[in-house]
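Read through the structure below, which is laid out as structure tokens, and then see the notes.
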Amino acid sequence: MSGLLARLRLDPRLSSMVAALIVIAIVLNLMTHGLFLSPENLYNLSIQTCVIAVMACGMVYVIVARHIDLSVGSLLAFSGMAAAWTQTRAFPPGSTAGWIASIFVALALGAAAGAIQGTLVAKMRIPAFIVTLAGYLMFRGAAFLVSDGQTLAPLHPTYQALGGGVNGAIGVPASVVLGLLAACWIAWHAWTGRRDQRRYGIEPAPIWVDVLKGALMCAAIAGFVWTMCVAPDFTNVDEAGTPRGRGIGVPVLILLAIVALMTFVAQRTRYGRYVFAYGGNPEAALLSGLSTTWLVWSLFILTGVLAAIAAVITTARLGSGANSIGQLAELYVISAAVIGGTSFSGGIGSVPGAVLGALLIQTLDNGMVLLDVSSPMRQIFIGIVLIVSVWFDVVYQKRI
Amino acid sequence: MIQAEQSAAAAAPASGRTPLVEMRQIVKRFGGLVAVDHVDCELYAGECVGLLGHNGAGKTVLIKVLSGVYEPDEGSIKVHGQPVSFRTPHDAQAAGIETIHQTLALADNLDGPGNLFLGRELLTPWRTLDSRRMEYEARKVINRLNPNFKNVLDPVLRMSGGQRQSVAIARALYFNARILIMDEPCAALGPAETRMVLETIKRLKAEGIGIFLISHEMHDVFEVCERATVMKNGGVVGMVYMKDVTPDDVLQMIIQGKRPAQALAA
Chain A
3 MSGLLARLRL
13 DPRLSSMVAA
23 LIVIAIVLNL
33 MTHGLFLSPE
43 NLYNLSIQTC
53 VIAVMACGMV
63 YVIVARHIDL
73 SVGSLLAFSG
83 MAAAWTQTRA
93 FPPGSTAGWI
103 ASIFVALALG
113 AAAGAIQGTL
123 VAKMRIPAFI
133 VTLAGYLMFR
143 GAAFLVSDGQ
153 TLAPLHPTYQ
163 ALGGGVNGAI
173 GVPASVVLGL
183 LAACWIAWHA
193 WTGRRDQRRY
203 GIEPAPIWVD
213 VLKGALMCAA
223 IAGFVWTMCV
233 APDFTNVDEA
243 GTPRGRGIGV
253 PVLILLAIVA
263 LMTFVAQRTR
273 YGRYVFAYGG
283 NPEAALLSGL
293 STTWLVWSLF
303 ILTGVLAAIA
313 AVITTARLGS
323 GANSIGQLAE
333 LYVISAAVIG
343 GTSFSGGIGS
353 VPGAVLGALL
363 IQTLDNGMVL
373 LDVSSPMRQI
383 FIGIVLIVSV
393 WFDVVYQKRI
Chain B
3 MIQAEQSAAA
13 AAPASGRTPL
23 VEMRQIVKRF
33 GGLVAVDHVD
43 CELYAGECVG
53 LLGHNGAGKT
63 VLIKVLSGVY
73 EPDEGSIKVH
83 GQPVSFRTPH
93 DAQAAGIETI
103 HQTLALADNL
113 DGPGNLFLGR
123 ELLTPWRTLD
133 SRRMEYEARK
143 VINRLNPNFK
153 NVLDPVLRMS
163 GGQRQSVAIA
173 RALYFNARIL
183 IMDEPCAALG
193 PAETRMVLET
203 IKRLKAEGIG
213 IFLISHEMHD
223 VFEVCERATV
233 MKNGGVVGMV
243 YMKDVTPDDV
253 LQMIIQGKRP
263 AQALAA
């Protein structure tokens, strides 16, 4: 098995996580008598995963660079409340300008909060744990003060679509087109990879390896798109009264765009290379002339902006702004990154891994809700999963 | 101090040639501590100059001044006769000075090419990392040093001491350094790998590259260096020609901080 993985050049950690997810999904499906793997539930799961996964993409970078951001959950609440306030108080209710402005307000606040925290960590050398612990308290308080604890509603219907609820999916035709485009990209990527290897005199892997790999990925895409397209949208019925398919949810598209961007940055740009180099050996980064202060500073802006994007998704999904949103989110985000293989000793981690980690957490949570497991018990169980996954890592690292 | 200056002035070999590097009266303080105290030092093309002294004598700080990591508090540096001031390691690299730091300065999680090009990545026309070209170039330069080195795409973490050293040296060579600084390059190496490094030094000297070598191994210093500058407590004890002294003389200078009688006479 490991020989096959090596030949396919698949990351052993990511593949074992996918395998674990498949096993867990099948078990949950049996325990819920087919409820878990129903298209409706899987659509919900895809939306539920987005908030944690979006922030986990940034947390990977921060932890890779040997820092931590404990403030993302509170910052989510603060920027979400600011967005809701902009829509309901600053602009007349229902105005288009209002919901567009609210998104910019949230993003600007997230970036500004990140810039302040980044300055304290990178310039003033206060440990990130302390700075963001203070941010955790302060932004939660600020979220309350935005409206003195009142819930702000209603939010604009178009804005609410960003949360994946009513009209929150792109429909069947667009989903199919996107799926086909993704398949084309996989084929193109494999082909250019082989061409470049030949150009530099490296013999590429046998053709069947790339074909099998591409086929597996295309099958996964097809399965996902098909599931989303058969998930019924009861608010959108045809002439005969049967609901149309939903298609891919808008938050999922936002997440996929962020994952693609952050993976690209990590693997293909100087910035990403420097984050990993800094995490691997801060002294080496400094001696190589990298601007480490700027690097660390920028990372907190990144997590701030991603928290704001998560805030937009959360408030859009709820249709209102409440200061209690995003509680414990920072811990789930860090857990997702760690379950996805990000190491606290720095320099190691991957964006797709963190997204799989978020999916794993949300899968367990979703499944346990279907099984009527109480909220405290769910927390205990996810805590156990976190420890087991890291223990797995320790054992695996020893074997190498 | 005066004695050292006189000897430095008298020592200029092949006078008339412009030195590759000329450091004059360099001072570097950290708070109240004077880590480098009015040090003079020069380096000519094709020679290897040893920098010797106890731990804490100021050797590493001195070379970090030359490699742009620290800015000196006083003093001047000339490269090829031109006054320079380095604010970052990039400035020094642009002047043709490459440094192999004592710690090798490798990021353990990155592979060979990733480390070789760290801070100076090769880019595609779209400004993204050109990984394939970096791999190709890295293999070329690393295999020139160490033909048996195949696993350059492993993280440095999984490489042997000699392989790590090869990556660090390759990083200095790839960018056509005229001036090379090696801070204890053999400290963590076995005999075969030490030999590889010493042979590399000799070959580079023959190519006209000037080398500063920091080392505690008298045997290595006497094998590859023409001259050595001995430091103690941040200052220069003296400069000697290897052909005029014995390892014991040099050890005495390092330990006692003064020049031995017969070396003075010479």
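Sequences listed follow chains A and B, in order.
Mapped onto this note's numbering, the consecutive letters of the first sequence carry residue numbers 3 to 402.
Mapped onto this note's numbering, the consecutive letters of the second sequence carry residue numbers 3 to 268.
A virtual CB, placed ideally from N, CA and C, is assigned to each residue, including glycine.
All values reported here derive from a predicted model rather than from experimental measurement.
Burial state of A/M264 (16 or more Cβ within 10 Å): Residue numbering aside, residue 264 of chain A sits at position 262 when the first sequence is read from its first letter. By the 10 Å Cβ count, A/M264 comes out buried.
Opening and closing residue of the alpha helix (DSSP H) in which B/E225 lies: Counted from its first residue, the second sequence places residue 225 of chain B at position 223. Residues 220–226.
A/I315, enclosing alpha helix (DSSP H) - first and last residue: Working through the first sequence from its first residue, we reach residue 315 of chain A at position 313. Run containing A/I315: 294–320, per the alpha helix (DSSP H) assignment.
Give the DSSP-derived three-state secondary structure of B/H40 in the structure shown. The count along the second sequence starts at 1 and reaches residue 40 of chain B at position 38. Strand.
What are the residues of the region 140–170 of chain B that lie near chain A, defined by any Cβ-Cβ distance shorter than 7 Å? The residues in question: there are none.
State the DSSP-derived secondary structure class of A/S48, mapped to helix, strand or coil. By one-based count along the first sequence, residue 48 of chain A stands at place 46. A/S48: helix per DSSP, three-state reduction.
Would you decide whether A/Y202 is buried or exposed? Buried here means 16 or more other CB atoms lie within 10 Å of its CB. For this step, residue 202 of chain A is matched to residue 200 along the first sequence. By the 10 Å Cβ count, A/Y202 comes out exposed.
Proximal residues to B/T126 (C-beta, below 6 Å), its chain only, five neighbours per side dropped: The residue you call residue 126 of chain B lines up with position 124 of the second sequence. Excluding sequence neighbours, B/T126 sits near D132.
Residues of its chain near A/W190, where Cβ-Cβ distance is below 8 Å and the 5 sequence neighbours each way are ignored: As a position in the first sequence, residue 190 of chain A is number 188, starting the count at 1. So no residue of the chain qualifies.
Can you give me the Cβ contacts of A/R142 inside the same chain, cut-off strictly under 7 Å, excluding the 5 residues immediately before and after it? The residue given as residue 142 of chain A occupies position 140 in the first sequence. Only S76, A79 meet the Cβ criterion.
Three-state class that DSSP yields for A/L12 in the structure shown: Residue numbering aside, residue 12 of chain A sits at position 10 when the first sequence is read from its first letter. Coil.
For A/R196 and chain B, any beta-carbon pair shorter than 8 Å? Position 194 of the first sequence, counted from the first residue, corresponds to residue 196 of chain A. Not one chain B Cβ lies under 8 Å of A/R196.
Can you give me the start and stop residues for the beta strand (DSSP E) that B/M184 sits inside? Taking the second sequence and counting its residues from 1, the one referred to as residue 184 of chain B is at position 182. In the DSSP assignment, B/M184 falls within the beta strand (DSSP E) that extends over 181–185.
So the candidates are A/A85, A/S300, A/L333, A/L292; which of them puts its Cα closest to the Cα of B/R122? If you number the second sequence from 1, residue 122 of chain B lands on position 120. Among A/A85, A/S300, A/L333, A/L292, the Cα nearest to that of B/R122 belongs to A/L292.
Taking Cβ positions only, does A/T344 come closer than 8 Å to chain B? Your numbering for residue 344 of chain A matches position 342 in the first sequence. No, no contact with chain B.
Beta-bridge partners of A/I235, as assigned by DSSP: Within the first sequence, the letter at position 233 stands for residue 235 of chain A. Correcting the residue identity first, residue 235 of chain A is Asp in this sequence and not Ile. Residue pairing by DSSP puts A/D235 in a beta bridge opposite A/R246.
Flag this pair as yes or no: are the beta carbons of A/G251 and A/V232 separated by less than 8 Å? Here residue 251 of chain A corresponds to residue number 249 of the first sequence, with the count starting at 1. Here residue 232 of chain A corresponds to residue number 230 of the first sequence, with the count starting at 1. Taking 8 Å as the Cβ cut-off, A/G251 and A/V232 do not qualify as a contacting pair.
In the DSSP output, what is B/K234 paired with across the bridge? To locate residue 234 of chain B, count along the second sequence from 1; it is residue 232. B/K234 pairs with B/G237.
Hey, does B/P115 have any beta-carbon neighbour from chain A nearer than 8 Å? By 1-based counting over the second sequence, the position of residue 115 of chain B is 113. No, B/P115 does not count as interfacial toward chain A.
Reference B/E209, options B/G192, B/A179, B/D222, B/M25, closest by Cα: The residue you call residue 209 of chain B lines up with position 207 of the second sequence. Cα-wise, what sits closest to B/E209 is B/A179.
So, does the region 240–253 of chain B touch the region 60–78 of chain B, judging by three or more C-beta pairs under 8 Å? no
If contacts are defined as beta-carbon pairs under 8 Å, then B/L54 and B/V232 qualify, I think. What distance do you get, rounded to the angstrom? For the purposes of this step, residue 54 of chain B is identified with residue 52 of the second sequence, where counting begins at 1. For the purposes of this step, residue 232 of chain B is identified with residue 230 of the second sequence, where counting begins at 1. Taking 8 Å as the upper bound for CB-CB distance, B/L54 and B/V232 are in contact here, some 5 Å apart.
Spell out whether any CB of chain A is found under 8 Å from the CB atom of B/A6. Here residue 6 of chain B refers to the residue found at position 4 when the second sequence is read from its first residue. Caution applies to B/A6, whose pLDDT of 42 falls short of 50 and renders its modelled position unreliable; the model cannot decide the point.
Kindly give me the distance between the Cβ atoms of B/M25 and B/I102, rounded to whole angstroms, as I take these residues to be in contact under 8 Å. Counting from 1 along the second sequence, the entry for residue 25 of chain B is found at position 23. Counting from 1 along the second sequence, the entry for residue 102 of chain B is found at position 100. Wrong, their Cβ atoms sit about 19 Å apart, outside the cutoff.
Alpha-carbon to alpha-carbon, A/A86 and A/T160: One-based indexing of the first sequence puts residue 160 of chain A at position 158. One-based indexing of the first sequence puts residue 86 of chain A at position 84. Roughly 14 Å separates the two Cα atoms.
Name the chain A residues whose beta carbon is nearer than 8 Å to that of B/Y72? Numbered from 1 along the second sequence, position 70 holds the residue referred to as residue 72 of chain B. Neighbours of B/Y72 on chain A: none; closest Cβ ~11 Å, over 8 Å.
Three-state secondary structure (DSSP) of B/R229: Taking the first residue of the second sequence as position 1, residue 229 of chain B is located at position 227. It is a strand residue.
Step through the CB atoms of chain A and report whether any lies within less than 8 Å of the CB of B/H92. Translated into positions along the second sequence, residue 92 of chain B becomes position 90. Chain A contact via Cβ: present.
Quick one: residues in its chain with C-beta nearer than 8 Å to the C-beta of B/P85, no 5 flanking neighbours on either side, listed in chain order? As a working note, residue 85 of chain B is residue 83 in the second sequence. Around B/P85: S78, I79.
Consider the C-beta atom of A/W190 and the heavy atoms of the ligand MN; say whether any pair is separated by less than 7 Å. Here there are no bound small molecules, and the ligand MN is not part of this structure.
Bridge partners - B/I79, DSSP secondary structure assignment: Here residue 79 of chain B refers to the residue found at position 77 of the second sequence. DSSP, once it has assigned bridges, lists B/M25, B/V86 as partnering B/I79.
So if I threshold CB-CB distances at 7 Å, which residues from the region 254–275 of chain A count as touching chain B? R270, T271, R272, R275
Is A/Q162 closer than 8 Å to A/A318 when the C-beta atoms are compared? Counting from one through the first sequence, the residue named residue 318 of chain A turns up at place 316. Counting from one through the first sequence, the residue named residue 162 of chain A turns up at place 160. It is a contact, given that the beta carbons lie within the stated cut-off.
Span of the alpha helix (DSSP H) around A/C186: Locating residue 186 of chain A in the first sequence gives position 184, where the first residue counts as 1. Its alpha helix (DSSP H) spans residues 174–201.
Roughly how many angstroms lie between the CA atoms of A/S104 and A/L373, to the nearest whole one? For this step, residue 104 of chain A is matched to residue 102 along the first sequence. For this step, residue 373 of chain A is matched to residue 371 along the first sequence. Per the coordinates, the alpha-carbon of A/S104 lies some 38 Å from the alpha-carbon of A/L373.
Residues of the region 285–316 of chain A with Cβ closer than 8 Å to any Cβ of chain B, in chain order: E285, A286, A287, L288, L289, S290, G291, L292
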